[in-house]
């Protein structure tokens with residue numbers, strides 16, 4: 010869901026990322042027929058992924074954050090195909106084995122949605138996932154954001 | 090000023106559907122009150138924020154998984170509150 014990490018501050022627990030909504034997607038066939046809109050759950054997932062990459066970086070890829078709780082989420086307006094989204098996430102609390110974040114998405118300066126999310130942080134279930142996450146992170150990171 | 094137990098009991102009541110009067114010091118959060126590990130994350134988060142501490146939940150979980158500790162040692166509320174007081178005292182020392 011995240012295309013580019015624009016800014017990343019692991020110690021400060023902050024990330025700004027960009028997500029480009031495609032013009033076409035099978036998702037739009039049913040949501041909604043003839044009037045395509047990005048489903049709210051995918052916006053939540055986008056905020057979770059931004060939070061997740063920030064936490065991964067903060068944890069130095071030694072543990073994996075898994076979304077455990079969508080404490081709250083507000084969808085404020087519609088998102089159409091082709092939209093360019095700015096995704097921001099901020100660490101709210103760095104607990105023992107868990108972390109809480111606040112995240113929001115905006116488009117052209119207008120807030121689209123915001124959420125409070127909680128993650129379990131735990132050892133990677135396998136080495137392959139860790140390698141794949143490192144690879145994905147290198148793909149979406151700008152040199153200055155790493 | 091609320092005692093540690095009173096504050097923890099209010100947190101549990103606020104973050105779960107358990108009536109405050111059912112939350113007593115001798116109850117185990119998991120085995121008596123029926124709180125699961127996901128719900129306990131919310132409680133741990135609220136406790137951390139309320140007291141300005143970081144409960145060593147990972148360490149406790151590891152000790153339970155390794156059978157080097159009994160669940161009552163950490164999650165009977167009177168003992169949980171005593172550990173919270175210890176963490177606060179260590180932080181303030």
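Chains as they are written, first to last, in our numbering: chain A, 10 to 155; chain B, 90 to 182.
In this text, a Cβ means the ideal position worked out from N, Cα and C, and glycines have one as well.
Alpha helix (DSSP H) segment containing residue i, residue limits
i	result
residue 101 (chain A)	Element bounds for residue 101 (chain A): not the alpha helix (DSSP H) but the beta strand (DSSP E), 93-103.
residue 176 (chain B)	166-181
Span of the beta strand (DSSP E) around residue i
i	result
residue 131 (chain A)	119-131
residue 76 (chain A)	73-84
residue 114 (chain A)	107-116
residue 18 (chain A)	13-18
Backbone secondary structure at residue i - three-state DSSP
i	result
residue 23 (chain A)	strand
residue 103 (chain B)	helix
residue 95 (chain B)	helix
residue 33 (chain A)	coil
residue 46 (chain A)	coil
residue 68 (chain A)	coil
residue 6 (chain A)	Past the edges of chain A, shown from 10 to 155, lies residue 6 (chain A), and the structure says nothing about it.
residue 112 (chain B)	coil
residue 38 (chain A)	helix
residue 3 (chain A)	Because chain A spans 10 through 155 in this model, residue 3 (chain A) falls outside it and cannot be assessed.
Cβ of residue i within 8 Å of any chain B Cβ
i	result
residue 107 (chain A)	yes
residue 104 (chain A)	yes
residue 127 (chain A)	yes
residue 77 (chain A)	yes
Residue i at chain A interface by Cβ criterion, 8 Å
i	result
residue 169 (chain B)	no
residue 106 (chain B)	no
residue 103 (chain B)	no
residue 145 (chain B)	yes
residue 119 (chain B)	no
residue 164 (chain B)	no
residue 94 (chain B)	no
residue 138 (chain B)	yes
residue 127 (chain B)	yes
residue 150 (chain B)	yes
residue 174 (chain B)	no
residue 130 (chain B)	yes
residue 66 (chain B)	The structure shown has nothing for residue 66 (chain B), since chain B only spans 90 to 182.
residue 98 (chain B)	no
residue 91 (chain B)	no
residue 158 (chain B)	no
residue 182 (chain B)	no
- prompt: Using 8 Å as the Cβ pair cut-off and three pairs as the minimum, do the segment 77-92 of chain A and the segment 120-128 of chain A touch?
  reply: yes
- prompt: Fully enclosed by the segment 116-162 of chain B, which alpha helix (DSSP H) runs are 4 residues long or longer?
  reply: 126-140, 146-154
message: Assess contact between the segment 37-45 of chain A and the segment 60-79 of chain A, defined as three or more Cβ pairs (one per stretch) separated by less than 8 Å. Is contact present?
response: no
message: So, does the segment 163-180 of chain B touch the segment 126-141 of chain B, judging by three or more C-beta pairs under 8 Å?
response: yes
query: Are there three or more Cβ pairs, one per stretch, closer than 8 Å when the segment 102-111 of chain A is compared with the segment 97-113 of chain B?
result: no
message: Contact between the segment 88-99 of chain A and the segment 120-135 of chain B is defined here as three or more beta-carbon pairs at a separation below 8 Å; is this criterion met?
response: no
query: Would the segment 10-28 of chain A and the segment 58-71 of chain A be scored as touching if the rule is three or more Cβ pairs under 8 Å?
result: yes
query: Does the segment 145-152 of chain B touch the segment 136-143 of chain A, meaning 3 or more C-beta pairs lie closer than 8 Å?
result: no
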